[in-house]
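Everything on this sheet refers to the single structure shown next.
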Amino acid sequence: MNTMATPQEKFIFANPDKVDRIFSQYPDKKSATLSLLHLAQAQEGYISGSVIDTIADLVECHPAIVMDCVSFYSMFFTKPQGRHKIQVCQTLSCSVNGADALVDHVTNKFSIKPGETTDDRRFTLMKVECLGSCGTAPVVQINNDYHEGLTNERFDELLESLP
Amino acid sequence: MNAFKPVLTEHIHQKDCHTLPFYKSVGGYKALEKVLAMQPDAVIQEVKESNLRGRGGAGFSTGVKWGFIPKDSDQPKYLINNADESEPGTFKDRLLMNKTPHQMLEGMIIASYAINCNTAFIYIRGEFYKEYQVLKETLAEAYQANLLGQGILGSDYNLEVVIHRGAGAYICGEETGLIESLEGKRGWPRIKPPFPAIEGYLHCPTVVNNVETLACLPHIINHGADWFKSIGSEKGPGPRLFCVSGTVNNPGVFEEPMGISLKELIFDRAGGIPENKQLKAVFPGGSSSAILTAEEALDVKMDFEDLVEKKSMLGSAGVIVMDETVDMVQACLNIARFYAHESCGQCTPCREGTAWLVKMLTRIVNGQGKPDDIDMLYEITDNIGGRIDFSKGSFGKTICPFGEAVAWPVRSFVEKFEDEFRSYISQVEAVA
Chain A
1 MNTMATPQEK FIFANPDKVD RIFSQYPDKK SATLSLLHLA QAQEGYISGS
51 VIDTIADLVE CHPAIVMDCV SFYSMFFTKP QGRHKIQVCQ TLSCSVNGAD
101 ALVDHVTNKF SIKPGETTDD RRFTLMKVEC LGSCGTAPVV QINNDYHEGL
151 TNERFDELLE SLP
Chain B
1001 MNAFKPVLTE HIHQKDCHTL PFYKSVGGYK ALEKVLAMQP DAVIQEVKES
1051 NLRGRGGAGF STGVKWGFIP KDSDQPKYLI NNADESEPGT FKDRLLMNKT
1101 PHQMLEGMII ASYAINCNTA FIYIRGEFYK EYQVLKETLA EAYQANLLGQ
1151 GILGSDYNLE VVIHRGAGAY ICGEETGLIE SLEGKRGWPR IKPPFPAIEG
1201 YLHCPTVVNN VETLACLPHI INHGADWFKS IGSEKGPGPR LFCVSGTVNN
1251 PGVFEEPMGI SLKELIFDRA GGIPENKQLK AVFPGGSSSA ILTAEEALDV
1301 KMDFEDLVEK KSMLGSAGVI VMDETVDMVQ ACLNIARFYA HESCGQCTPC
1351 REGTAWLVKM LTRIVNGQGK PDDIDMLYEI TDNIGGRIDF SKGSFGKTIC
1401 PFGEAVAWPV RSFVEKFEDE FRSYISQVEA VA
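Structure representation (structure tokens):
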């Protein structure tokens, strides 16, 4: 993951003010780790080795500690993803309300299985665990947004509307 | 009993209910004014007397938890609002954050004042991006109105509130896992003791309270402990947000007094089961609770005691309904897969055991089960979370209660629907 393989350009946060603001919120530097990872991923789309090095420098810890976080939390990606991350909740309440059909729908329509990205990098399909929206199952999170109570038809319209 | 009127969700259908002007128009922040004129100990005492028990899942007394914070310590104290809602079947904190964020924030300020804390955190589930945006606005409004910051409402009390986003990990709902995560590490739960009240965030005294728990506080301060105790069950009083999902006509969050019957929740509030299908099984308190058969479910009150008597638990009050068409073996696999995915990996029985459960259940579902598999399922669940006795506070063979949280439901599926498991396996034998 880290710097050993190929030398990468050093990652620099585009907005240093945001970095300062994050640090000002915590009593110590390491507590800023997750917030900095979120900020970096919003900028880059994923967490590269150079992002890890930069954050490790900033929070004053070994890069392995930052990597530890990246690997632990499901929202951080170590590889570039499609423009739209289609995250279909597959836990029980969604499952008994048609979540599998939504996954099959994307698979049939775009020829990608869960974990895969379309060749044009438009969509990445993922099955995820409970999104905490069981009352409006089935639910799909696309990037930051929840789409609740989806039917195949509405899901279709939604997918078509995404560039 | 008098007809119950919603307390926490009374205003959630009104326009702009999430804004400060609206919240103030319905009496918001009156409790804070009252609290700022009280001694912190008196606030703790009032909450202890109300017998408010945590709404996150464990059901521990909120006032007692606060009382563990050392008074003679020079260290900073921290309050963390646990908004990492991720127990399958539970979606009430998200509603509170979206609709009445100031109610929760007022509760946070009250709790912070009571434990003498000047920096509080909202640890919000990473996926809840919209709610994160709502809360950012809520805090901006509160700072603007001097409800946060220096010298709150003319008092000498100061409080900063910081929103911290999680990044996708169920285990961070466990309070010590959450603290580790806030410190910038993977969310591995800590061995207790020391409890967070003694040694929590950055080794300082820390209280972790759930969103709904905090939202109850302004009402307890406004109307008094006796009023709170007059609602619902004696040993765990107050209003409660019950989430009902699964195979029901009208899923949603229903605010009811503690102790409402599960039958009423499912067949009245949630509108019963589509196409008049038969009820088969229910998770009464999130996916970590043991499932109830239809017969058990129709005869249980939704409070701490009655559910323990039925060898399950109230947990997060997330009710998941399964009708006759839901395959119990597949449902069991679904839940086991969730826990295998979310096991933090720290303790071997849980890390390995959850993976084994998924492998075995997958094999059974795929028609490759073996007759010994039933016994093996018992053995594995026993090995992950063998000693289930909440009254003694014993958490089996793992550091945190996650072990029980997987062992309990999986075991209950096998015990209560063994026939279905056997029928998958006997089909294999017939073919052989």
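Protein sequence lines, in the order shown, are assigned to chains A and B.
Mind the numbering: the first sequence is residues 1 to 163 in the working numbering, read in order.
Mind the numbering: the second sequence is residues 1001 to 1432 in the working numbering, read in order.
In this text, a Cβ means the ideal position worked out from N, Cα and C, and glycines have one as well.
Whether Glu129(A) touches His1341(B) by CB criterion (7 Å): Position 129 of the first sequence holds residue 129(A). Position 341 of the second sequence holds residue 1341(B). Yes. Within cutoff.
Could you tell me whether the Cβ atoms of Lys1280(B) and Asp1323(B) are closer together than 7 Å? As a working mapping, residue 1280(B) is identified with position 280 in the second sequence. As a working mapping, residue 1323(B) is identified with position 323 in the second sequence. Contact flag set, yes.
Please confirm if Gly135(A) has its CB atom under 7 Å from at least one CB of chain B. Counting from 1 along the first sequence, the entry for residue 135(A) is found at position 135. It does; some Cβ of chain B falls within 7 Å.
Reduced DSSP category for His84(A) - H, G, I as helix; E, B as strand; rest coil: Position 84 of the first sequence holds residue 84(A). Reduced to three states, the DSSP call for His84(A) is strand.
Measuring straight from C-alpha to C-alpha, what distance separates Leu1135(B) and Ile1163(B)? Along the second sequence, one-based indexing puts residue 1135(B) at 135. Along the second sequence, one-based indexing puts residue 1163(B) at 163. About 8 Å.
Quick one: Cα of Asp1072(B) to Cα of Leu1147(B), how far? Translated into positions along the second sequence, residue 1072(B) becomes position 72. Translated into positions along the second sequence, residue 1147(B) becomes position 147. Rounded to the nearest angstrom, the two C-alpha atoms are 27 Å apart.
Using a cut-off of 8 Å between C-beta atoms, extract the partners of Asn1158(B) located in chain A. The residue you call residue 1158(B) lines up with position 158 of the second sequence. Neighbours of Asn1158(B) on chain A: none; closest Cβ ~15 Å, over 8 Å.
What residues match up with Gly49(A) in a beta bridge as DSSP calls it? For this step, residue 49(A) is matched to residue 49 along the first sequence. Partner(s): none; Gly49(A) has no beta bridge.
Amino acids of chain B, ordered along the chain, whose beta-carbon sits closer than 9 Å to that of Met67(A): Here residue 67(A) refers to the residue found at position 67 when the first sequence is read from its first residue. For Met67(A), there are no neighbours in chain B by C-beta distance under 9 Å, as the nearest C-beta there is about 10 Å away.
Does Glu1334(B) come within less than 7 Å of chain A when only Cβ atoms are used? Residue numbering aside, residue 1334(B) sits at position 334 when the second sequence is read from its first letter. Going by the sequence as given, residue 1334(B) is Asn instead of Glu. Interface residue, yes.
Work out the CA separation of Lys1077(B) and Phe1402(B) for me, nearest whole Å. To locate residue 1402(B), count along the second sequence from 1; it is residue 402. To locate residue 1077(B), count along the second sequence from 1; it is residue 77. So the two alpha carbons sit approximately 27 Å from each other.
Beta carbon of Ile1439(B), beta carbon of Ala1407(B): below 7 Å? For residue 1439(B) there is no data in the structure shown, the boundaries of chain B being 1001 and 1432.
Report yes if the CB atom of Gly1184(B) is closer than 7 Å to the CB atom of Ser1086(B), and no otherwise. In the second sequence, the residue the question calls residue 1184(B) occupies position 184. In the second sequence, the residue the question calls residue 1086(B) occupies position 86. No, they are not a contact pair.
Less than 7 Å between the C-beta atoms of Gly1286(B) and Gly1246(B), yes or no? Counting from one through the second sequence, the residue named residue 1286(B) turns up at place 286. Counting from one through the second sequence, the residue named residue 1246(B) turns up at place 246. Not closer than 7 Å, so no.
Strictly under 7 Å for the Cβ-Cβ distance: is Glu1420(B) near chain A by that measure? On the second sequence, position 420 is the one that residue 1420(B) refers to. It does not; no Cβ of chain A falls within 7 Å.
Helix or strand or just coil, what does DSSP make of Val106(A)? Residue numbering aside, residue 106(A) sits at position 106 when the first sequence is read from its first letter. Reduced to three states, the DSSP call for Val106(A) is helix.
When burial is assigned at 16 or more other CB atoms within 10 Å of the CB, is Lys127(A) buried or exposed? By one-based count along the first sequence, residue 127(A) stands at place 127. By the 10 Å Cβ count, Lys127(A) comes out buried.
Helix, strand or coil for Cys94(A) per DSSP? The residue labelled residue 94(A) in the question sits at position 94 within the first sequence. Three-state result, Cys94(A): helix.
Determine, using beta carbons only, whether Val1319(B) and Val1244(B) come nearer to each other than 7 Å. Here the question's residue 1319(B) lines up with position 319 in the second sequence. Here the question's residue 1244(B) lines up with position 244 in the second sequence. Yes; because the gap between Cβ atoms is below 7 Å, this pair is in contact.
Members of the stretch 1221-1252 of chain B that neighbour chain A once the beta carbon cut-off is set at 8 Å: Cys1243, Val1244, Ser1245, Gly1246, Thr1247, Pro1251 and Gly1252
Would you say the stretch 75-90 of chain A touches the stretch 133-145 of chain A, given that touching needs at least three Cβ pairs under 8 Å? yes
Ala1405(B) to Thr1348(B) span [Cα, whole Å]: Counted from its first residue, the second sequence places residue 1405(B) at position 405. Counted from its first residue, the second sequence places residue 1348(B) at position 348. Going by the C-alpha atoms only, they are around 15 Å apart.
Skipping 5 residues on each side, what residues in its chain have a beta carbon closer than 8 Å to that of Gly1393(B)? Along the second sequence, read from residue 1 onward, the residue named residue 1393(B) stands at position 393. Any reading at Gly1393(B) needs caution, since the residue's pLDDT is 48, under 50, leaving its predicted position unreliable; the model's value is listed next. There are no such residues.
What did DSSP end up calling Ser1394(B) once you bin it into helix, strand or coil? Residue mapping note: residue 1394(B) aligns to position 394 of the second sequence, counting from 1. In this predicted model, Ser1394(B) has a pLDDT of only 48, less than 50, meaning its place in the structure is not dependable; the value taken from the coordinates is given anyway. Reduced to three states, the DSSP call for Ser1394(B) is strand.
Residues, ordered as in the chain, of the stretch 70-87 of chain A that lie near chain B by beta-carbon distance below 7 Å: Phe72, Tyr73, Ser74, Met75 and Phe76
Runs of 3 residues minimum, wholly inside the stretch 1082-1169 of chain B: which ones carry the beta strand (DSSP E) assignment? 1119-1124 and 1160-1165
Which term fits His1018(B), buried or exposed, when burial requires 16 or more other beta carbons within 10 angstroms of its beta carbon? Indexing the second sequence from 1 puts residue 1018(B) at position 18. Answer is buried; the Cβ neighbour count reaches 16.
Taking 8 Å as the threshold, find out whether the stretch 71-82 of chain A comes into contact with the stretch 39-57 of chain A through three or more Cβ pairs. Yes, since at least three Cβ pairs between the stretch 71-82 of chain A and the stretch 39-57 of chain A fall closer than 8 Å, the two stretches touch.
Return helix, strand or coil for Tyr146(A), following the three-state DSSP convention. Here residue 146(A) corresponds to residue number 146 of the first sequence, with the count starting at 1. DSSP places Tyr146(A) in strand when its eight states are reduced to three.
On the criterion of 16 or more Cβ atoms from any shown chain inside 10 Å, does Leu1153(B) qualify as buried, or is it exposed? Translated into the one-based positions of the second sequence, residue 1153(B) becomes position 153. Here Leu1153(B) is exposed: its Cβ has fewer than 16 other Cβ atoms, across all protein chains shown, within 10 Å.
Name the DSSP beta bridge partners of Glu9(A), please? Position 9 of the first sequence, counted from the start, is the residue given in the question as residue 9(A). Beta-bridge pairing links Glu9(A) to no other residue.
With distances taken between CB atoms, is the gap from Asn152(A) to His84(A) smaller than 7 Å? Numbered from 1 along the first sequence, position 152 holds the residue referred to as residue 152(A). Numbered from 1 along the first sequence, position 84 holds the residue referred to as residue 84(A). No, the pair does not count as a contact, with Cβ atoms beyond the cut-off.
Cα separation between Asn1334(B) and Ser95(A)? The sequence position of residue 1334(B) within the second sequence is 334, counting from 1. The sequence position of residue 95(A) within the first sequence is 95, counting from 1. Cα to Cα, the separation comes out at about 8 Å.
If the criterion is Cβ atoms closer than 7 Å, does the pair Phe1304(B) and Gly1236(B) meet it? Reading the second sequence from its first residue, position 304 is the one you call residue 1304(B). Reading the second sequence from its first residue, position 236 is the one you call residue 1236(B). Contact check for Phe1304(B) against Gly1236(B) passes: the beta carbons are separated by less than 7 Å.
Measuring alpha carbon to alpha carbon, tell me which residue in Glu1127(B), Val1035(B), Lys1048(B) and Phe1242(B) is nearest Lys1229(B). Taking the second sequence and counting its residues from 1, one reaches residue 1229(B) at position 229. It is Lys1048(B) whose Cα lies nearest to the Cα of Lys1229(B).
Measure from the alpha carbon of Leu1008(B) to the alpha carbon of each residue in Val1035(B), Asp1093(B), Leu1079(B) and Asn1051(B), then state which is nearest. Taking the first residue of the second sequence as 1, we reach residue 1008(B) at position 8. When only C-alpha atoms are compared, the closest one is Asp1093(B).
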